[in-house]
């Protein structure tokens, strides 16, 4: 197993499920679930598929792993490795205490805080830096929203969840992908089976 060290977090290529201690569930969806875990005494999160999942979903998860492993940046969620044995597959990621969505809901009653506006500006700058890195790597996120912006305990923002991301080498995007309230207008306008125009794809680097 090869590894490199990124700050205080370890980036690994392949781990065994036997090396992981699974803890509480952090979230779940149609794809599977995200759980808190421990790997060699390092807190982390693991995104795994449901047992009876379709082959296409497994390939999507493997594609997400390959894409995120080359997106090393302070404002992009770190992918540490992948567990792919015992008939199960999961992406190992750094553990973050909260999302921007969590913070926005929590601070609705605390808008009197003098530092709140300044904190939002810093978070926005972090997100912009992360998205600029994606653009430099020819990656289109396609689902940027508060729930996919995670925060460290010091409120450093990191872009996360690349399940719908594409690279420019994957061809044109077909149809609209993402969460409607946060989608760029030109993508909402796409009908099923329609292809994004070149200008739409360019806009998606900022808007999505």
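Residue numbers (my numbering): 30 to 237. Backbone N, C-alpha and C define an ideal beta-carbon position, used for all residues, glycine too. Fair warning: this is a prediction, and the values are worked out from it, not measured in the lab.
- [ ] Look at the Cβ atom of residue 156, then the Cβ atom of residue 178, and state whether they are nearer than 8 Å.
- [x] yes
Task: residue 273 to residue 111 span [Cα, whole Å] - done: Not covered by the structure: residue 273. The range shown for the chain is 30 to 237.
Open item on the list: Rounded to whole angstroms, what is the Cα-Cα separation between residue 129 and residue 180?
Closed with: 7 Å
Open item on the list: Just list the residues that DSSP pairs residue 77 with in beta bridges.
Closed with: 62 and 119
Open item on the list: Classify residue 77: buried if its beta carbon has 16 or more other beta carbons within 10 angstroms, exposed otherwise.
Closed with: buried
Open item on the list: Checking 8 Å against the spacing of the C-beta atoms, do residue 95 and residue 191 come in under that value?
Closed with: no
Open item on the list: Determine whether the beta carbon atoms of residue 113 and residue 163 lie at a separation below 8 Å.
Closed with: no
Open item on the list: Can you look up residue 188 in the DSSP assignment and give me helix, strand or coil?
Closed with: strand
Open item on the list: With a threshold of 7 Å (Cβ to nearest heavy atom), would residue 63 be considered close to the ligand GTP?
Closed with: Among the components modelled here there is no ligand, and therefore nothing to report on the ligand GTP.
Open item on the list: Residues in the same chain with beta-carbon distance under 8 Å from residue 152, minus the five sequence neighbours each way, listed in chain order, please.
Closed with: 129, 178, 180, 184 and 186
Task: Where residue 148 falls: helix, strand or coil (DSSP) - done: helix
Open item on the list: Can you give me the C-alpha to C-alpha distance between residue 193 and residue 173, rounded to a whole angstrom?
Closed with: 10 Å
TODO: Flag this pair as yes or no: are the beta carbons of residue 49 and residue 68 separated by less than 8 Å?
DONE: yes
- [ ] Could you check what DSSP says for residue 98 in three-state terms: helix, strand or coil?
- [x] coil
Task: Own chain residues within Cβ distance below 6 Å of residue 54, not counting five before or after - done: 62 and 64
TODO: Take the Cβ of residue 123 as the centre, count every other Cβ of all protein chains shown within 10 Å, and call the residue buried at 16 or more, exposed below.
DONE: buried
Task: Under the three-state DSSP convention, the category residue 86 falls into - done: helix
TODO: To the nearest angstrom, report how far apart residue 47 and residue 146 are at their CA atoms.
DONE: 45 Å
Open item on the list: What would DSSP say about residue 197, mapped onto helix, strand or coil?
Closed with: helix
Task: Rounded Cβ spacing between residue 90 and residue 118 (contact assumed at less than 8 Å) - done: 6 Å
- [ ] Please list, in chain order, all residues of the same chain as residue 182 whose beta carbon is under 7 Å from its beta carbon, the five residues on each side excluded.
- [x] 126
Task: Anticipated Cβ contact below 8 Å, residue 188 with residue 170, distance rounded - done: 7 Å
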